[in-house]
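Asker:
Residue numbers (my numbering), protein chains in the order written: chain A, 7 to 521; chain B, 35 to 134; chain C, 9 to 508.
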């Protein structure tokens, strides 16, 4: 419920998690300057503690059913404006991203062992980027959303290029920056039209303001939608806006790749839901009337989804580099989530829940996969699939965990990935998009081929050496948590789908609550 | 009295020039400048919509986006320098370690 | 504790518990597998003992909410159609474990994956919820990949991934069709969303008149085709020869004997009762594909030199008979179909075991390099002959009742009369290839290559799997009531739903 009166103390706690992260980031920055070169991992552990604190904040707020809008008022003006919203959608998305960031930090601490470079920077840049990611899920205003997006993007560019001695990493950083910059410009341009049409940057007030402009300005809605889709398509890495992803995923340090594929992607979808779906719901509703003259927005989203699933899966078949393969894999995974996005205008309430479920599961299984990739490729000094040869004999439990994550990514039952796809595609069926559900499910079969290539290497091929892999405690815990989570949510999906279902309701209240 | 239309048209032209440049230029710094031009096209839109639509939000947005653009330029130049320092590269096309 | 869950859970327990044991002794894993599959068999037999033969509806029902949002339940239950198949699966898996000798390394992985597969197959036959059914349907796939890919021969890795993707496409179509069906029932029937098969059957029955006929037919065809991939039925069969040729013998036995029944069972248990109107409209298509499979399989089998490929095509031909029986949509035909499931489920694994033993002795599956084995291994060849004749449909074997009834049913269905006349021609071909197969292996002179080799007759452990299957084939042939008694009331219920 939005507060009718401003309550400063009550309000600022809506930003508490972000404040913890930013504050922690600044402290980490200072500590990093004071520490000698050999002890930079202290910054990493400190950052871990900060992310844990932020998780606690969000979890406690969820437990206490804290929710509402952070509002402000220009001096001399009347009427409150929303900037930040805390609803169940934002909280669950924040939790997913925070847990993702936590796991990535654990991976990062391990990755820096025995390496020289900008170790401390990588930790606090992750903290700052995560702040931005959280803001993207929490914002109720275009300005906040834009700031959040850039706060995520700018550190990400640097993170991708952080191994300065490594030319591949340099290239990854620069390419990510150039493409990301283009996407930012497109999004800002699209936002300017959204603002021009509605006369406000307040996302809560926007749908009704937009509804009143329909159908006179339909052309400008389509322009706004097109540019937003273009920019967000880049951020989410969906076909045909995906070309940066394989290069960046391959060149960036493995933990950063994991970060991009999990946290950035989830944030992209959170933002897409806020700005690409909710403001356009009245436009879509108008599209179903006979008189409309504009673009079929839902069909466009559906086509982008199909292209992503097809393009991502097909291109992944040709890859031999594990990280590059996972870039295409996550393009395809984004396609599945886009199916949910396309189904949302028809059936918004619960569909948002299925998206949250899938993204949560995706975070688990992808992090689990990247932990294994990190270990294996570091030990072998080789990023090709052949590095996984005979892992089933060398390290049976690791191979098992990786297999579970892969099967989940492929959507096999009794893993959570199955239910994720089931929910997303079921809502597509419910939204009269059966063809999309059929297409998505059939295209996902292509992914079996390349996920099973890893499994083939691990179990069918004899290992080159018999020695077991060196592993560290932190990542072992992460991998175990991911695997158990994937299996647990695969057996009792309702534990996660129950709360996720409620997302829709809280999410729609945003539509109705126009202060 | 000039109406809203010409301002939006100016924005569109600027954006188009920027996008064309960003996609065709081969020098990373030139691309960066083109991106800045695209951002400013959006800024013109915001100011125009704001002054014709009556709400101040758009102008506030522009201030934020200018700050962000500055940060972006700083980051971008640092990344370009990073690449230049390790390898003798003048053009994007020279970056071919990763399939472009 | 629900007995069905015990039967399904025991193999899974064996697989999970086994994962924590060290993998040193090969013999341990043989007895581990035999033990858990025997325990599951005992549970299945207890289910049969407690089963009320006079009742046609589901028994031993257990239904727990699983995903309430979509009405998905964790539901199990058993009726007269699934009971014989449950017992069949349990028996075939015991036989597969008993014939462990083929596996020379990595026995632990082999035993555990086979147990997982057993859990999937037993679960499939007792699931009473569409989604749970699908879960078990897919659970079978992953062990198959490992079992074929690790323990197979020839181009096994390629075969394994071909199997997974080929049937994966079918599964994908199946899942979305299930979902679409549930939503359609809820939308037109006005009830709650549910994927519970009995509830859904009722809802579909109530809403049937309002659902567009085109949608019904499309849904039925999508499901039926997806199920046909698993059987396999022409033209969706191209994975099967590869898999039956390259899989290790016990796995080929399980896949051809039990897994292929998943598809037929799905058509009979899900597609037909849920969409009866579409089923009777499309039955000519099922009959046509069935007849094509009968003839294509039989003719292709005639041209094979590899014994295992021959069995693969012969299996396809038998599946055609099964589909023809289902397509008749009358009591006799459906009875024939279920008998064929059981009969083929006993015969083909038996044949695979025998062929495997032949291959073990002769180091070849090539018919041109075999011959005269009766001189050296009379007991083995005796079993081979009996199973071959049963596959031909000789009276007093299960094959006779099955094929006779399936065809008798099809003759009675007006739209299938011509087709079934053509289908009968298949018998000529199958008589030729089976007799040819037995003749080329058992009789004639022993090829010089095998003269020197010391070929012994079967040992007790090798003997046990095919022998048990032969005895069951004869038992069902002599006492058809073993299958028929529980079956009749359930088929009656099914046909009432069809309005016939």
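By construction, the Cβ of each residue, glycine as well, lies at the ideal position given by its N, Cα and C atoms.
If you're wondering where the values come from, they're calculated on a predicted model, not measured in any experiment.
1) Taking only beta-carbon positions, decide if residue 302 (chain C) is within less than 8 Å of chain A.
2) Out of A:65, A:121, A:130, A:110, which one is the CA nearest neighbour of residue 101 (chain A)?
3) Tell me, to the nearest whole angstrom, how far the beta carbon of residue 322 (chain C) is from that of residue 438 (chain C); I am working on the premise that it is less than 8 Å.
4) Take residue 40 (chain C) and list the residues in its own chain whose beta-carbon comes closer than 7 Å to its own, dropping the five residues that flank it on each side.
5) Examine chain C for any beta-carbon lying closer than 8 Å to the beta-carbon of residue 472 (chain A), and answer yes or no.
6) Run through the stretch 298-383 of chain A for me and flag every whole alpha helix (DSSP H) of 4 or more residues, listed as ranges in chain order.
7) Among the residues of its own chain, which have a CB less than 8 Å from the CB of residue 14 (chain A), if the five just before and after it don't count?
8) Output, in chain order, the set of chain A residues within a Cβ distance shorter than 8 Å of residue 180 (chain C).
9) Please return the same chain residues whose Cβ sits closer than 6 Å to the Cβ of residue 496 (chain C), not counting the five positions on each side in sequence.
10) Going by DSSP, name the residue or residues bridged to residue 269 (chain C).
11) For residue 252 (chain A), which residues in the same chain have their Cβ closer than 6 Å to its Cβ, ignoring the five residues on either side in sequence?
12) In chain order, what residues of the stretch 64-81 of chain C put their CB closer than 9 Å to some CB of chain A?
13) Looking only at its chain, what residues have a beta carbon closer than 7 Å to the beta carbon of residue 391 (chain A), apart from the 5 residues adjacent to it on each side?
14) Using a Cβ-Cβ distance under 8 Å, would residue 394 (chain A) count as near chain B?
15) When DSSP builds the beta bridges, which residues end up paired with residue 75 (chain A)?
16) Taking the C-alpha atoms as reference points, what is the distance between residue 364 (chain A) and residue 343 (chain A)?
17) Just to confirm, is the Cβ distance from residue 455 (chain A) to residue 169 (chain C) under 8 Å?
18) Run through the DSSP bridge pairs and tell me what residue 171 (chain A) is partnered with.
19) Do we get a CB-CB distance below 8 Å when we pair residue 78 (chain A) with the residues of chain B?
20) Are three or more beta carbon pairs between the stretch 285-296 of chain C and the stretch 154-161 of chain C nearer than 8 Å?
21) Who pairs with residue 81 (chain C) in a beta bridge, going by DSSP?
22) So with Cβ pairs under 8 Å, would you call residue 40 (chain B) a contact of chain A?
23) Spatial neighbours of residue 38 (chain A) within its chain, please: CB distance less than 8 Å, with the 5 preceding and 5 following residues excluded, ordered by chain position.
24) Look up residue 114 (chain A) in the DSSP assignment and give the residues it is bridged to.
25) Quick one, which of C:470, C:405, C:185 has its alpha-carbon nearest residue 434 (chain A)'s?
26) Closer than 9 Å, Cβ to any Cβ of chain A: which residues of the stretch 126-151 of chain C, in chain order?
27) Taking its Cβ as the centre, do 16 or more other Cβ atoms sit within 10 Å of residue 18 (chain A), making it buried, or is it exposed?
28) Going by beta-carbon coordinates alone, are residue 231 (chain A) and residue 286 (chain A) separated by less than 8 Å?
29) Using 8 Å as the Cβ pair cut-off and three pairs as the minimum, do the stretch 204-219 of chain A and the stretch 240-250 of chain A touch?
30) Does residue 99 (chain A) come out as helix, strand or coil in the three-state DSSP assignment?
31) With 8 Å set as the bound, which would you pick, yes or no: does the beta-carbon of residue 198 (chain A) sit closer than that to a beta-carbon of chain B?
32) Given 7 Å as the limit, tell me if residue 56 (chain C) has its C-beta closer than that to any heavy atom belonging to the ligand NAD.
33) Buried or exposed: where does residue 117 (chain A) fall if 16 or more other Cβ atoms within 10 Å of its Cβ makes it buried?
34) For the alpha helix (DSSP H) that residue 339 (chain C) lies in, which residues bound it at each end?
35) Residue 191 (chain A) CB to nearest chain B CB: under 8 Å?
36) Let me know the secondary structure DSSP gives residue 145 (chain A) once reduced to three states.
Answerer: Let's see:
1) no
2) A:65
3) 7 Å
4) Setting aside the 5 residues that flank it on each side, residue 40 (chain C) is surrounded in the same chain by 22, 26, 119, each with a C-beta closer than 7 Å to its C-beta; the list follows chain order.
5) no
6) 303-322, 328-349
7) Residue placement at residue 14 (chain A) cannot be trusted, given a pLDDT of 43 that sits under 50; what the coordinates show is reported in the next sentence. Hits under 8 Å: none found.
8) 444, 447, 448, 450, 451
9) In its own chain, leaving out the 5 sequence neighbours on each side, no residue places its CB closer than 6 Å to the CB of residue 496 (chain C).
10) None, per the DSSP bridge assignment.
11) 330, 333
12) Residues 73, 74, 75, 76, 77, 78, 80.
13) 326, 328, 459, 460, 463
14) no
15) A:91
16) 7 Å
17) yes
18) Its beta-bridge partners do not exist; DSSP assigns none.
19) no
20) no
21) Bridge partners of residue 81 (chain C): C:73.
22) no
23) 46, 49, 126, 127, 129, 130
24) Residue 114 (chain A) pairs with nothing; no bridge assigned.
25) C:185
26) 139, 142, 143, 144, 145, 146, 147, 149, 150
27) Looking at its Cβ environment, which holds fewer than 16 other Cβ atoms inside 10 Å, residue 18 (chain A) is exposed.
28) yes
29) As far as the Cβ criterion goes, the stretch 204-219 of chain A does not touch the stretch 240-250 of chain A, which means the pair count is below three.
30) The answer is helix: DSSP assigns residue 99 (chain A) an H, G or I state.
31) yes
32) Annotation note on the ligand NAD: not contained in the displayed structure, which lists no ligands.
33) Per the 10 Å Cβ criterion, buried.
34) 339-370
35) For residue 191 (chain A), the nearest beta carbon of chain B is closer than 8 Å to its own beta carbon.
36) strand
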